[in-house]
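Participant: Just dropping this structure here.
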Amino acid sequence: MNWDDLRYLIALYRQGSFAAASRELGQDETTIARRIRRLEASLSTHLLLRDNTGRQRLTELGQKLVTHALRMETETRQMTEILGADRDMITGTVRLTAVPVVTDRILTQAFVGFQNIHPAITIELIPESRNLSLTTREADLALRLGPPKTGGSDILAQRIGWLEFGLYQSAANPHQTDTQSRWIMYEPSHAHLEQANWMLGQSDLKSASGLKVADLNTAIEAVANGLGQSLLPIAACKTDVRLRRIKAAGGQDLPKRPVWLLSHKHQSHLHAIQAVKHWLSQLDWGGLSPPPDIANHS
Numbered sequence: 010m011n012w013d014d015l016r017y018l019i020a021l022y023r024q025g026s027f028a029a030a031s032r033e034l035g036q037d038e039t040t041i042a043r044r045i046r047r048l049e050a051s052l053s054t055h056l057l058l059r060d061n062t063g064r065q066r067l068t069e070l071g072q073k074l075v076t077h078a079l080r081m082e083t084e085t086r087q088m089t090e091i092l093g094a095d096r097d098m099i100t101g102t103v104r105l106t107a108v109p110v111v112t113d114r115i116l117t118q119a120f121v122g123f124q125n126i127h128p129a130i131t132i133e134l135i136p137e138s139r140n141l142s143l144t145t146r147e148a149d150l151a152l153r154l155g156p157p158k159t160g161g162s163d164i165l166a167q168r169i170g171w172l173e174f175g176l177y178q179s180a181a182n183p184h185q186t187d188t189q190s191r192w193i194m195y196e197p198s199h200a201h202l203e204q205a206n207w208m209l210g211q212s213d214l215k216s217a218s219g220l221k222v223a224d225l226n227t228a229i230e231a232v233a234n235g236l237g238q239s240l241l242p243i244a245a246c247k248t249d250v251r252l253r254r255i256k257a258a259g260g261q262d263l264p265k266r267p268v269w270l271l272s273h274k275h276q277s278h279l280h281a282i283q284a285v286k287h288w289l290s291q292l293d294w295g296g297l298s299p300p301p302d303i304a305n306h307s
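If you read the sequence shown in this note's numbering, its first letter stands for residue 10, the second for the next number, and so on.
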């Protein structure tokens, strides 16, 4: 067997299709299919079957092989770390997933500070709202705005902070307009979110903006373009000059959401993962400083 061929099998196992595996590996689908066939030929057996949905599934033998290959992958990462330790630096690649607003507007801004300390660590940011599998290393670490509901005893979870929300309007016009005072709400399938529930209690049909969103990134852009006001994460908005933070009517307490860091217990000993976990736990997720003394006239 060729270890490099096993990498292709692992990618196919994680992704479930040649197209998705090609995106992970940066190789075309034909190359991946050829390498899998070469691996099957070397073992004189089939490792893949296509199910009724068209998704590639591992045979029983393929499943056993991938289980060992994943361990080999972890061992390879440890060897890379040993080589880095010989040069007095932590090396490695860490795949980190979080909801898009966190990857796009918080982690990318904070990354320079991390890179200055750990120049030999590469972080692969995966903006994804769905839960990726830490067991199959779709990701090494996951940031979620709520405690884990799956993964069992193999998943380590720690709350590393609270994502504080503030009330924002467009900064384009310092004097509030009727349009700015309208609420940008969430569409029904996301109405259960803490910030959505809070806004439902402050608004009525007459004060709704006519635009409903499904994620925080869209809400930020809608506010920045003067379409209305909304609750937004302070950590994601504090450097955006298009936004103006205001006080809620009556000085009401605004919602906040817990930030949970998830990792797999069999990879938690890797130094690169430990370094990224420490960095994430030190980030400012809050925004406890009060907004400017501007009342909300909604």
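The C-beta atom is built at its ideal place from N, Cα and C for all residues, glycine as well.
(1) Using CA coordinates, which residue listed in VAL108, GLU38, ILE115 is at the minimum distance from TRP288?
(2) What separation, rounded to the nearest whole angstrom, lies between the Cα atoms of MET98 and HIS201?
(3) Can you tell me which residues form a DSSP beta bridge with ILE135?
(4) Please report the residue range of the alpha helix (DSSP H) in which GLY122 lies.
(5) Closest to PRO136 by C-alpha separation, out of ALA129, LEU165, GLU147, would be which residue?
(6) Measure the alpha-carbon distance for GLN261 versus PRO267 and round it to whole angstroms.
(7) Please look up how many angstroms separate the CB atoms of GLY101 and THR89, rounded, as I've assumed it's under 8 Å.
(8) Based on the DSSP output, what are the partners of PHE174 in its beta bridges?
(9) Near LEU172, which residues of its chain fall below 7 Å by C-beta distance, leaving aside the five closest residues on each side in sequence?
(10) Beta strand (DSSP E) containing GLN65: first to last residue?
(11) How many angstroms separate the CA atom of LYS286 from the CA atom of LEU141?
(12) One question on the structure: do LEU236 and SER218 come within less than 7 Å of each other, judged by their Cβ atoms?
(13) Is DSSP giving GLN283 helix, strand or coil here?
(14) Tell me which same chain residues have a C-beta within less than 6 Å of the C-beta of SER298, skipping the five on either side of it?
(15) With a threshold of 8 Å on Cβ separation, who are the neighbours of ALA231 within its own chain once the five nearest residues in sequence on each side are excluded?
Facilitator: So, to answer that:
(1) ILE115
(2) A direct Cα-Cα distance of roughly 45 Å separates MET98 from HIS201.
(3) THR106
(4) 117–126
(5) Checked all of ALA129, LEU165, GLU147; the closest Cα to PRO136 is GLU147.
(6) One C-alpha to the other measures close to 19 Å.
(7) Confirmed, Cβ separation roughly 6 Å.
(8) PRO242
(9) LEU154, PRO242, ALA244, LYS265, ARG266, VAL268, TRP294
(10) 65–67
(11) 17 Å
(12) yes
(13) Helix at GLN283.
(14) With a pLDDT of only 45 at SER298, under 50, the local geometry of the prediction cannot be trusted, and the value read off the model is given with reservation. Within the same chain, SER298 has no close Cβ partners at all.
(15) Annotation for ALA231: ILE193, SER218, LEU220, VAL222, GLY237, SER239 place their beta carbon closer than 8 Å to its own, counting only its chain and skipping 5 residues before and after.
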